[in-house]
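Q: Right, I'll just put the structure down here and ask away after.
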Amino acid sequence: MTFKEGLLKARGQITFVVALAVSTGIIIYLEALDTEARIQARVAAEMSRQKVAATPAPQPLQAAIETALREAQASYASDPGAAANRAALLASVSSAVQLGVLDPEDGFSRIRKVLDEMEQRPGERTSALVSALGVTAVAFPTLQDRIARLSSAS
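Just so we're aligned, residue 951 is where the sequence shown starts under this note's numbering, counting upward by one.
This is the structure:
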């Protein structure tokens, strides 16, 4: 039997193996698309949730929040290791974002800087700081795992 005759006899098996490889490739591709679609849906849901959560505050409340935010930033800048200063900044940024006084992306970057500082230099853990971390977790759900680790750290 020659090679050509062997190929002719095995054409059914060869066709099966090629079809199996192609179908496996298609299934893997479709699974990847499904995963991307789920991730995109979660991101879209999170973005819409944050947009819905930002309710406009009345002018006197906006002014009070802006003042509290400025004071919290000033006290945090003077002593970033103090638990009270960390708590004040976390709570005021979270409130400002939730009430639409501060842009969510700007608030997110400010919160991340404070959390980075807390991870590098843990410092004192007070009930006010743990409460502020809870408020921050509500305002920024994507940071909840990080915040949970910081809240439970001794």
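Glycine is no exception: its CB is placed at the ideal position from the N, C-alpha and C atoms.
#1: Helix, strand or coil: how does DSSP classify Arg1096 here?
#2: Just to confirm my understanding: we take Pro1006, look at its own chain, exclude 5 residues before and 5 after, and list those with CB closer than 6 Å. What are they?
#3: For Ala1046, collect the residues of the same chain with a Cβ closer than 7 Å to its Cβ; drop the 5 residues on either side in sequence, then sort them by chain order.
#4: Note down the Cα distance separating Ala982 from Asn1035, rounded to an integer number of angstroms.
#5: Suppose you measure from the CA of Val1002 to the CA of Arg1071; what does that come to, to the nearest Å?
#6: Under 8 Å Cβ to Cβ from Thr1011, same chain only, skipping five residues before and after it: list those, please.
#7: Mapping DSSP to helix, strand and coil, what is Val1002?
#8: Give the C-beta separation of Ala1038 and Ser1059 to the nearest angstrom, bearing in mind that I take them to be a contact with Cβ-Cβ under 8 Å.
#9: Using the C-alpha atoms, what's the distance from Glu1055 back to Ala969?
#10: Confirm, please, whether the CB-CB distance from Ala1041 to Val1085 is below 7 Å.
#11: Expressed to the nearest angstrom, what Euclidean distance is found between the alpha-carbon atoms of Thr952 and Glu986?
#12: With 16 as the cutoff for other CB atoms within 10 Å, does Leu1083 come out buried or exposed?
#13: Apart from the five residues on each side of it in sequence, which residues of its chain come closer than 6 Å, Cβ to Cβ, to Ala1078?
A: In short:
#1: Numbered from its first residue, the sequence shown carries residue 1096 at position 146. If DSSP states are grouped into helix, strand and coil, Arg1096 belongs with the helices.
#2: Within the sequence shown, the letter at position 56 stands for residue 1006. Excluding positions up to five away in sequence, the list reads Gly1050.
#3: For the purposes of this step, residue 1046 is taken as the residue at position 96 of the sequence shown. So the qualifying residues of the chain are Ile1015, Leu1019, Leu1052, Gly1057.
#4: By 1-based counting over the sequence shown, the position of residue 982 is 32. By 1-based counting over the sequence shown, the position of residue 1035 is 85. Straight-line Cα distance between these residues: approximately 45 Å.
#5: Position 52 of the sequence shown, counting from 1, holds the residue named residue 1002. Position 121 of the sequence shown, counting from 1, holds the residue named residue 1071. Legend: pLDDT at Val1002 = 48, less than 50; position of this residue unreliable, no value from coordinates given.
#6: To locate residue 1011, count along the sequence shown from 1; it is residue 61. It is worth fixing the name first, because residue 1011 is Leu in this sequence and not Thr. Non-local C-beta neighbours of Leu1011 in its own chain, meaning closer than 8 Å and more than five positions away in sequence, comprise Leu1049, ordered along the chain.
#7: Walking along the sequence shown from the start, residue 1002 turns up at place 52. Confidence at Val1002 is low in this model, with a pLDDT of 48, below 50, so the placement of that residue should be treated as unreliable; the coordinate-derived value is given next. Of the three classes helix, strand and coil, the one that applies to Val1002 here is helix, per DSSP.
#8: Here residue 1038 corresponds to residue number 88 of the sequence shown, with the count starting at 1. Here residue 1059 corresponds to residue number 109 of the sequence shown, with the count starting at 1. So it is not a contact: roughly 18 Å between Cβ atoms.
#9: Indexing the sequence shown from 1 puts residue 969 at position 19. Indexing the sequence shown from 1 puts residue 1055 at position 105. Cα to Cα, the separation comes out at about 48 Å.
#10: The residue labelled residue 1085 in the question sits at position 135 within the sequence shown. The residue labelled residue 1041 in the question sits at position 91 within the sequence shown. In this structure, Ala1041 lies closer than 7 Å to Val1085 by Cβ.
#11: Residue numbering aside, residue 952 sits at position 2 when the sequence shown is read from its first letter. Residue numbering aside, residue 986 sits at position 36 when the sequence shown is read from its first letter. Each residue's alpha carbon lies about 49 Å from the other.
#12: The count along the sequence shown starts at 1 and reaches residue 1083 at position 133. Buried: at least 16 other Cβ atoms inside 10 Å.
#13: Numbered from 1 along the sequence shown, position 128 holds the residue referred to as residue 1078. Within the same chain, Cβ atoms closer than 6 Å to the Cβ of Ala1078 are found at Ala1037, the five residues on either side in sequence being excluded.
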